[in-house]
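Participant: Just so you know, the protein sequences line up as chains W and X, in that order. Be aware that the first sequence starts at 62, since it is given in this note's numbering, and climbs by one per residue. Be aware that the second sequence starts at 25, since it is given in this note's numbering, and climbs by one per residue.
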Amino acid sequence: MSSRTQLRWASWIVGILAKLLGLLLLTFLLFHLGKVDPARLKLGPMASEASVARERADLGLDRPILVQFADFFGHAVRGDLGHSFRSERSALPLAAEKLRRTFLLVLGGLIPALLLSYGLALAASVWTSQRAYILLPARSLAILPSFVIAVGGLLLLSLAGIRLSSDSGKWAPCLLLALFPTASLTLLLHSATAVEPPPRPWLLSRSFGFSPIAAFHRALFSPVSVPWITAWTTQLSQAVFTAMVLELVLTIDGGGNLLANAVQQRDLPVLQAVLLLNGAVFLFLQSGSSWLAGILDPRQRNLAPPSNPA
Amino acid sequence: MKQEDSTATAAPPPLMPRKVLKALVAVFILLVALPVSLHFLSLPRAPLELARHLAYACPSWAAPLGSDELGRDLLGRALMAGGLSLAVAVGAVLSAWSLAVLFGSLAAWRPGTPLSGTINYIIELLQTIPFIVLAVSLAAVFRPNLLGIALLMGVVASAAPARLVSAELRRVRSARHVTAQVALGHPPMLLFRTAFLPTLALPPAIWLLLLLPELLTVDAGLSLFGLGAQPPTPSLGRMIYDGLNQAQAGWWLPSAPLLVLLILVVTAHFVASYLRKLIPAAL
Numbered sequence: 062m063s064s065r066t067q068l069r070w071a072s073w074i075v076g077i078l079a080k081l082l083g084l085l086l087l088t089f090l091l092f093h094l095g096k097v098d099p100a101r102l103k104l105g106p107m108a109s110e111a112s113v114a115r116e117r118a119d120l121g122l123d124r125p126i127l128v129q130f131a132d133f134f135g136h137a138v139r140g141d142l143g144h145s146f147r148s149e150r151s152a153l154p155l156a157a158e159k160l161r162r163t164f165l166l167v168l169g170g171l172i173p174a175l176l177l178s179y180g181l182a183l184a185a186s187v188w189t190s191q192r193a194y195i196l197l198p199a200r201s202l203a204i205l206p207s208f209v210i211a212v213g214g215l216l217l218l219s220l221a222g223i224r225l226s227s228d229s230g231k232w233a234p235c236l237l238l239a240l241f242p243t244a245s246l247t248l249l250l251h252s253a254t255a256v257e258p259p260p261r262p263w264l265l266s267r268s269f270g271f272s273p274i275a276a277f278h279r280a281l282f283s284p285v286s287v288p289w290i291t292a293w294t295t296q297l298s299q300a301v302f303t304a305m306v307l308e309l310v311l312t313i314d315g316g317g318n319l320l321a322n323a324v325q326q327r328d329l330p331v332l333q334a335v336l337l338l339n340g341a342v343f344l345f346l347q348s349g350s351s352w353l354a355g356i357l358d359p360r361q362r363n364l365a366p367p368s369n370p371a
Numbered sequence: 025m026k027q028e029d030s031t032a033t034a035a036p037p038p039l040m041p042r043k044v045l046k047a048l049v050a051v052f053i054l055l056v057a058l059p060v061s062l063h064f065l066s067l068p069r070a071p072l073e074l075a076r077h078l079a080y081a082c083p084s085w086a087a088p089l090g091s092d093e094l095g096r097d098l099l100g101r102a103l104m105a106g107g108l109s110l111a112v113a114v115g116a117v118l119s120a121w122s123l124a125v126l127f128g129s130l131a132a133w134r135p136g137t138p139l140s141g142t143i144n145y146i147i148e149l150l151q152t153i154p155f156i157v158l159a160v161s162l163a164a165v166f167r168p169n170l171l172g173i174a175l176l177m178g179v180v181a182s183a184a185p186a187r188l189v190s191a192e193l194r195r196v197r198s199a200r201h202v203t204a205q206v207a208l209g210h211p212p213m214l215l216f217r218t219a220f221l222p223t224l225a226l227p228p229a230i231w232l233l234l235l236l237p238e239l240l241t242v243d244a245g246l247s248l249f250g251l252g253a254q255p256p257t258p259s260l261g262r263m264i265y266d267g268l269n270q271a272q273a274g275w276w277l278p279s280a281p282l283l284v285l286l287i288l289v290v291t292a293h294f295v296a297s298y299l300r301k302l303i304p305a306a307l
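#1: Leaving out the 5 sequence neighbours to the left and right, which residues in its chain are closer than 7 angstroms to V187 of chain W when beta-carbon positions are compared?
#2: Could you list the residues in the region 235–260 of chain X with a C-beta less than 9 angstroms from some C-beta on chain W, going in chain order?
#3: Measure the C-alpha to C-alpha separation of S368 of chain W and G355 of chain W and round it to an integer number of angstroms.
#4: Would you kindly work out how many angstroms separate the C-alpha atoms of W85 of chain X and G95 of chain X, rounded to a whole number?
#5: Would you kindly check if the distance between the Cβ of G106 of chain X and the Cβ of V290 of chain X is under 8 angstroms?
#6: Which partner residues of D92 of chain X appear in the DSSP bridge assignment?
#7: Which of the residues in the region 319–330 of chain W, read from start to end, lie with their CB under 8 angstroms from any CB of chain X?
#8: Below 9 angstroms on C-beta distance, what does Q347 of chain W contact in chain X?
#9: For the region 74–105 of chain W, which residues have a CB atom closer than 8 angstroms to at least one CB atom of chain X, in sequence order?
#10: G169 of chain W CB to nearest chain X CB: under 8 angstroms?
#11: Between which residues of its own chain and L353 of chain W is the CB-CB distance below 7 angstroms, once the five residues before and five after are set aside?
#12: Helix, strand or coil: which one does DSSP assign to S151 of chain W?
#13: What is the DSSP secondary structure of H210 of chain X, counted as helix, strand or coil?
#14: Tell me, to the nearest whole angstrom, how far the beta carbon of A137 of chain W is from that of L85 of chain W; I am working on the premise that it is less than 8 angstroms.
#15: Please look up how many angstroms separate the CB atoms of V112 of chain X and I156 of chain X, rounded, as I've assumed it's under 8 angstroms.
#16: So, with DSSP's three-state summary, where would you put A371 of chain W?
#17: In chain order, what residues of the same chain have a beta carbon less than 6 angstroms from the beta carbon of P262 of chain W, not counting five sequence neighbours either side?
#18: Check whether chain X comes within 8 angstroms of P206 of chain W, counting only Cβ atoms and requiring the distance to be less than that.
#19: Measuring alpha carbon to alpha carbon, tell me which of W:A157, W:L332, W:P125 ends up nearest L162 of chain X.
#20: By how many angstroms is the C-alpha of S119 of chain X removed from the C-alpha of G76 of chain W?
#21: Output yes if chain W places a C-beta closer than 8 angstroms to the C-beta of P185 of chain X; else output no.
#22: Does the region 312–332 of chain W touch the region 91–104 of chain W, meaning 3 or more C-beta pairs lie closer than 8 angstroms?
#23: Are the region 201–218 of chain X and the region 177–186 of chain X touching by the rule of at least three beta carbon pairs closer than 8 angstroms?
#24: Please report whether the beta-carbon of S129 of chain X lies at a distance below 8 angstroms from any beta-carbon of chain W.
#25: Taking beta-carbon pairs under 8 angstroms, can you tell me which members of the region 292–305 of chain W lie near chain X?
#26: Could you check if P370 of chain W is buried or exposed, using at least 16 other CB atoms within 10 Å of its CB as the buried criterion?
#27: At least one CB of chain W closer than 8 angstroms to the CB of W85 of chain X: is that the case?
#28: Taking 8 angstroms as the CB-CB limit, is L78 of chain X close to chain W?
#29: Using the Cβ count rule (16 or more neighbours within 10 Å means buried), how would you classify P281 of chain X?
#30: Can you grab the Cα-Cα spacing for the pair P255 of chain X / C235 of chain W, in whole Å?
#31: From W:S190, W:A79, W:F282, pick the residue whose C-alpha is nearest to that of A182 of chain W; which is it?
#32: Ends of the alpha helix (DSSP H) at Q325 of chain W?
#33: Between the alpha carbons of L233 of chain X and F271 of chain W, how many angstroms are there, rounded?
#34: Is the CB of V179 of chain X under 8 angstroms away from at least one CB in chain W?
#35: Hey, could you find the ends of the alpha helix (DSSP H) Q129 of chain W is sitting in?
#36: Per DSSP, what kind of secondary structure is D266 of chain X in: helix, strand or coil?
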């Protein structure tokens with residue numbers, strides 16, 4: 062590994078660690094910035110001042126703030142964010158268990174969206190006479206936020222007599238979740254590939270005898286694959302939002318219901334765990350997408366860690 | 025050469041051309057004033073008025089979108105909730121725009137300084153966390169009122185446009201008219217107001233206008249999590265949630281708030297797309 066590559070790797074890792082540290086600081090501050098004393102929140106409004114003072118000492122809130130942060134940091138690194146105020150379960154494993162379902166739902170929607178958008182953009186490029194019909198659903202759906210599509214879909218299903226619930230399987234929430242990303246990714250790919258007049262690489266590929274599908278992949282798709290992957294990553298935030306809303310409405314026992322309960326019960330350790338885990342997963346996915354961009358497009362390698370460490 | 029000189033010393037374009045201003049006023053009237061006026065002037069019943077004998081009443085002339093389990097008029101409630109959602113989303117856009125211009129400029133004004141590094145770091149950090157999770161967590165801790173919700177959403181939404189401002193400032197500072205103004209000895213504030221602000225203000229404004237439909241849904245989402253407007257004040261998210269849970273009692277229960285949200289989102293989308301085309305053309 063050359064020294065330049067080592068430097069790029071080092072700066073990439075330092076960047077991620079710095080963001081993780083910031084995330085931990087933000088999570089820590091969440092506990093301390095509220096208007097109400099966390100000890101009072103834990104014990105409830107009827108608790109006596111003496112028991113609140115005792116709880117403050119138990120939670121370590123009477124120590125200097127820097128000492129508290131150092132203690133929090135040490136525990137967080139070991140995967141301990143304290144216990145839930147309400148269920149007495151350890152907050153981080155509880156949040157990890159519930160958010161795992163949310164992220165599975167998100168991936169269950171976003172991975173098919175990736176494949177479907179590729180297929181639809183390919184179909185629109187190859188069957189030009191049918192392009193308007195192929196793209197019509199995408200054009201209609203792309204103007205609506207994911208939340209509206211998902212809730213509207215639920216309403217239409219219930220009007221059709223299909224009442225979804227947590228027992229009706231994962232296919233319907235995943236499908237509802239996939240609609241918006243599929244539409245927007247299809248339009249992105251299409252706008253970049255359906256250029257008039259056809260670009261020279263496309264004409265050359267066709268004249269060399271490549272099939273339309275092979276020519277699409279080689280000449281049209283490759284140059285836009287990086288923006289396509291980046292756009293896919295930017296869908297994650299909306300997808301998490303929609304997944305949580307679907308979990309709430311369909312009473313799926315996932316991150317959405319956990320977050321709603323934590324908000325209503327003002328369960329600060331669980332809120333901290335949800336924030337930290339979401340941030341860590343997003344950081345991982347964002348770093349992964351920039352790494353993937355480096356593989357797909359060599360021009361991106363100065364911005365991302367090298368795809369081939371050797 | 026002569027032409028280049030004239031370009032170099034030409035005054036920057038005005039901050040807000042008259043055409044754009046008129047369009048913005050028209051949009052405001054259409055989106056905010058009209059529904060609110062309709063709501064207060066012509067509805068048969070007040071949105072919070074209970075009428076238990078009309079519980080779950082079907083849509084009729086008296087209640088065009090039906091009524092809920094307490095007999096409250098769903099059209100009135102949905103319009104009131106939509107108006108509040110729109111006000112919060114517009115407030116979030118305005119606060120995000122102000123913060124983006126402020127922090128984006130500070131980040132790029134003196135690159136390499138600790139202040140610039142800290143702001144860039146905070147901006148990157150805000151972009152690491154999903155919008156709704158961050159907004160819900162902060163709102164759960166601070167328990168703000170509607171104005172606070174708008175400010176909070178503005179803070180979270182300002183990260184991406186602040187980066188735009190920062191990039192734009194770095195690009196503009198090497199422009200000829202800026203070099204000329206620096207050479208003429210213009211003080212920093214005058215330089216910022218006349219040379220930078222007109223160029224810096226537009227990219228985040230366009231970005232945030234396009235984000236308006238999403239902000240409307242985020243506000244609905246916050247109310248779904250029990251934040252934002254509290255009962256008996258109606259909110260779109262809570263109405264949709266309650267309506268979907270009671271959809272078997274009447275299809276109109278979730279339809280009314282969803283229809284209002286749909287109209288708001290689609291209108292905001294088309295207005296934002298129109299303004300995006302209009303603003304660069306006007307400048």
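The beta carbon of each residue, even a glycine, is placed where N, CA and C say it ideally should be.
Facilitator: Reading from the atomic positions:
#1: On the first sequence, position 126 is the one that residue 187 of chain W refers to. The answer, listed in chain order, is P273, I274, F277.
#2: P237, E238, L240, T241, V242, A244, G245, L248, F249, G250, L251
#3: As a working mapping, residue 368 of chain W is identified with position 307 in the first sequence. As a working mapping, residue 355 of chain W is identified with position 294 in the first sequence. Here the model assigns S368 of chain W a pLDDT of 45, short of 50, so the residue's position is not dependable, and the following value carries that caveat. Each residue's Cα considered, the two are about 6 angstroms apart.
#4: For the purposes of this step, residue 85 of chain X is identified with residue 61 of the second sequence, where counting begins at 1. For the purposes of this step, residue 95 of chain X is identified with residue 71 of the second sequence, where counting begins at 1. For W85 of chain X and G95 of chain X, the distance between alpha carbons rounds to 15 angstroms.
#5: Within the second sequence, the letter at position 266 stands for residue 290 of chain X. Within the second sequence, the letter at position 82 stands for residue 106 of chain X. Their beta carbons are not under 8 angstroms apart, which means V290 of chain X does not touch G106 of chain X by this criterion.
#6: Position 68 of the second sequence holds residue 92 of chain X. Beta bridge pairing from DSSP links D92 of chain X with no other residue.
#7: Answer in chain order: L320, A321, A323, V324, Q325, R327, L329.
#8: If you number the first sequence from 1, residue 347 of chain W lands on position 286. Residues of chain X passing the Cβ test: Q151, T152.
#9: A79, K80, G83, L84, L87, L91, L94, G95, K96
#10: Sequence index remark: in the first sequence, residue 169 of chain W carries index 108 (1-based). Nearest CB-CB separation between G169 of chain W and chain X: not below the 8 angstroms threshold.
#11: In the first sequence, counting from the first residue as 1, residue 353 of chain W sits at position 292. Cβ neighbours of L353 of chain W beyond the five flanking positions: I290.
#12: In the first sequence, the residue the question calls residue 151 of chain W occupies position 90. Correct three-state label for S151 of chain W: strand.
#13: Position 186 of the second sequence holds residue 210 of chain X. H210 of chain X: coil per DSSP, three-state reduction.
#14: As a working note, residue 137 of chain W is residue 76 in the first sequence. As a working note, residue 85 of chain W is residue 24 in the first sequence. That belief holds up - the Cβ atoms of A137 of chain W and L85 of chain W are roughly 6 angstroms apart, short of 8 angstroms.
#15: By 1-based counting over the second sequence, the position of residue 112 of chain X is 88. By 1-based counting over the second sequence, the position of residue 156 of chain X is 132. For V112 of chain X against I156 of chain X, the beta-carbon gap comes to about 14 angstroms, at or over 8 angstroms, which does not count as contact.
#16: Within the first sequence, residue 371 of chain W is the residue found at index 310, counting from 1. Because the pLDDT at A371 of chain W is just 34, under 50, the model does not fix this residue reliably, and the value given afterwards should be weighed accordingly. Three-state DSSP puts A371 of chain W in coil, outside helix and strand.
#17: If you number the first sequence from 1, residue 262 of chain W lands on position 201. Taken in chain order, the residues that qualify are A280.
#18: As a working mapping, residue 206 of chain W is identified with position 145 in the first sequence. In terms of beta-carbon proximity, P206 of chain W lines the interface with chain X, with at least one pair separated by less than 8 angstroms.
#19: Locating residue 162 of chain X in the second sequence gives position 138, counting from the first residue. L162 of chain X has its Cα closest to that of W:L332, out of W:A157, W:L332, W:P125.
#20: Working through the first sequence from its first residue, we reach residue 76 of chain W at position 15. Working through the second sequence from its first residue, we reach residue 119 of chain X at position 95. In a straight line, the C-alpha of G76 of chain W is about 29 angstroms away from that of S119 of chain X.
#21: One-based indexing of the second sequence puts residue 185 of chain X at position 161. Chain W contact via Cβ: absent.
#22: yes
#23: no
#24: Here the question's residue 129 of chain X lines up with position 105 in the second sequence. Not closer than 8 angstroms to any Cβ of chain W, the Cβ of S129 of chain X fails to qualify, so no.
#25: L297, S298, Q299, V301, F302, M305
#26: Here the question's residue 370 of chain W lines up with position 309 in the first sequence. The predicted model places P370 of chain W with a pLDDT of 39, which falls under 50 and marks its position as unreliable; any figure quoted below should be read in that light. Exposed, by the Cβ-count rule.
#27: Position 61 of the second sequence, counted from the first residue, corresponds to residue 85 of chain X. W85 of chain X does not count as touching chain W.
#28: The residue you call residue 78 of chain X lines up with position 54 of the second sequence. Answer no: the Cβ-Cβ gap between L78 of chain X and chain W never drops below 8 angstroms.
#29: On the second sequence, position 257 is the one that residue 281 of chain X refers to. Buried is the call here.
#30: On the second sequence, residue 255 of chain X is found 231 positions in, with the first residue counted as 1. On the first sequence, residue 235 of chain W is found 174 positions in, with the first residue counted as 1. For P255 of chain X and C235 of chain W, the distance between alpha carbons rounds to 32 angstroms.
#31: The residue you call residue 182 of chain W lines up with position 121 of the first sequence. Among W:S190, W:A79, W:F282, the Cα nearest to that of A182 of chain W belongs to W:F282.
#32: The residue given as residue 325 of chain W occupies position 264 in the first sequence. Counting along the chain, Q325 of chain W sits inside the alpha helix (DSSP H) bounded by residues 316–326.
#33: Here the question's residue 233 of chain X lines up with position 209 in the second sequence. Here the question's residue 271 of chain W lines up with position 210 in the first sequence. Cα to Cα, the separation comes out at about 44 angstroms.
#34: Against the second sequence, residue 179 of chain X aligns to sequence position 155. Not closer than 8 angstroms to any Cβ of chain W, the Cβ of V179 of chain X fails to qualify, so no.
#35: For the purposes of this step, residue 129 of chain W is taken as the residue at position 68 of the first sequence. First-last of the alpha helix (DSSP H) with Q129 of chain W: 126–138.
#36: Counted from its first residue, the second sequence places residue 266 of chain X at position 242. Looking at D266 of chain X - three-state DSSP - the assignment turns out to be helix.
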